[in-house]
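Enquirer:
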Amino acid sequence: MFSENLKIARKRKDYTLEQLANEYNKRFGGGLSKGTLSKYENGKQEPMITVVINLAEILDVSIDFLTNSTLDNTYKLVSDELGLSQKSIEIIKTLNDNNLSDAINCLIEDNNFVDFLQYFYQYKTEFADRKTAEKYFNKFISKIGPYARAIYPVDNVEDYEYLIYNNLQRHFDDLVNRLYFKENKQGD
Numbered sequence: 001m002f003s004e005n006l007k008i009a010r011k012r013k014d015y016t017l018e019q020l021a022n023e024y025n026k027r028f029g030g031g032l033s034k035g036t037l038s039k040y041e042n043g044k045q046e047p048m049i050t051v052v053i054n055l056a057e058i059l060d061v062s063i064d065f066l067t068n069s070t071l072d073n074t075y076k077l078v079s080d081e082l083g084l085s086q087k088s089i090e091i092i093k094t095l096n097d098n099n100l101s102d103a104i105n106c107l108i109e110d111n112n113f114v115d116f117l118q119y120f121y122q123y124k125t126e127f128a129d130r131k132t133a134e135k136y137f138n139k140f141i142s143k144i145g146p147y148a149r150a151i152y153p154v155d156n157v158e159d160y161e162y163l164i165y166n167n168l169q170r171h172f173d174d175l176v177n178r179l180y181f182k183e184n185k186q187g188d
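Read in order, the letters of the sequence shown correspond to residues 1 to 188 in this note's numbering.
1. Give the secondary structure of residue 38 by DSSP, where H, G and I count as helix, E and B as strand, and everything else as coil.
2. Where do the N-terminal and C-terminal ends of the alpha helix (DSSP H) with residue 52 fall, by residue?
3. Please classify residue 25: is it buried, with 16 or more other beta-carbons within 10 angstroms of its beta-carbon, or exposed?
4. Since residue 21 and residue 32 are thought to touch, with beta carbons under 8 Å apart, how far apart are those beta carbons, to the nearest angstrom?
5. Are the Cβ atoms of residue 23 and residue 58 separated by less than 7 Å?
6. Mind reading off the beta-carbon distance from residue 52 to residue 66? Whole number of angstroms is fine, and I expect it under 8 Å.
7. Determine the direct distance from the alpha carbon of residue 85 to that of residue 43, and round the result to whole angstroms.
8. Cα separation between residue 47 and residue 2?
9. What is the rounded straight-line gap between the Cα of residue 64 and the Cα of residue 54?
10. So, is residue 10 buried or exposed, given that buried needs 16 or more other C-beta atoms within 10 angstroms?
11. Please name the residue, chosen from 16, 13, 56, that lies closest to residue 28 on a Cα-to-Cα basis.
What follows is the structure, given as structure tokens:
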């Protein structure tokens, strides 16, 4: 939707409504107020196509992005804004399993998500000290456990815990080995 994309693009460039209006008027000889921009962003008024073209130029986005003609630019903007890789966004786009999507939403919206990410980051970055890394890995597992039940519906609790632990341990070992190999290769 134009209103949302305009706001996203404006914030990405760190413009206030007033700054964007001033820049527009300076470049194109006037005709756009802070109030009009606010109406555009709130969906109360639609701009003329010439205004859209000019805004796209100032905000360094395509006209397609502002008018929502294609989703490719939206994903690029999300990638830039959130720091997600293009591959991560592609994976998220393909999620069609409601249980998995619900589990991911629940995880992200949980108040402990920042702790969860911090534990993950700490064991990722402190791989040289395996015991410290395993301490953070165990905290990481304790945070992800409640959400994994939606992904791995197992009746037997022991099977469930074994499945989760082994799956995460395998990924953890792969990560540590890749990082260790990368670190040693740089030292050569």
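By construction, the Cβ of each residue, glycine as well, lies at the ideal position given by its N, Cα and C atoms.
Expert: Let's see:
1. Taking the sequence shown and counting its residues from 1, the one referred to as residue 38 is at position 38. In the structure shown, residue 38 sits in a helix (DSSP, three-state: H, G or I).
2. The residue given as residue 52 occupies position 52 in the sequence shown. From DSSP, the alpha helix (DSSP H) with residue 52 extends over 49 to 59.
3. Start at 1 with the first residue of the sequence shown, and residue 25 comes out as number 25. The residue in question, residue 25, is exposed, as its Cβ has fewer than 16 Cβ neighbours within 10 Å.
4. Along the sequence shown, one-based indexing puts residue 21 at 21. Along the sequence shown, one-based indexing puts residue 32 at 32. Approximately 5 Å separates the beta-carbon atoms of residue 21 and residue 32; this is inside 8 Å, confirming the contact.
5. Counting from 1 along the sequence shown, the entry for residue 23 is found at position 23. Counting from 1 along the sequence shown, the entry for residue 58 is found at position 58. Cβ distance < 7 Å, so residue 23 and residue 58 count as in contact.
6. By one-based count along the sequence shown, residue 52 stands at place 52. By one-based count along the sequence shown, residue 66 stands at place 66. Under the criterion of beta carbons closer than 8 Å, residue 52 and residue 66 qualify as touching, at roughly 6 Å.
7. Numbered from 1 along the sequence shown, position 43 holds the residue referred to as residue 43. Numbered from 1 along the sequence shown, position 85 holds the residue referred to as residue 85. Approximately 30 Å between the Cα atoms of the pair.
8. The residue labelled residue 47 in the question sits at position 47 within the sequence shown. The residue labelled residue 2 in the question sits at position 2 within the sequence shown. Residue 47 and residue 2: Cα-Cα distance of roughly 9 Å.
9. Locating residue 64 in the sequence shown gives position 64, counting from the first residue. Locating residue 54 in the sequence shown gives position 54, counting from the first residue. Each residue's alpha carbon lies about 13 Å from the other.
10. Start at 1 with the first residue of the sequence shown, and residue 10 comes out as number 10. By the 10 Å Cβ count, residue 10 comes out buried.
11. The sequence position of residue 28 within the sequence shown is 28, counting from 1. Nearest in C-alpha terms to residue 28, of all of 16, 13, 56, is 56.
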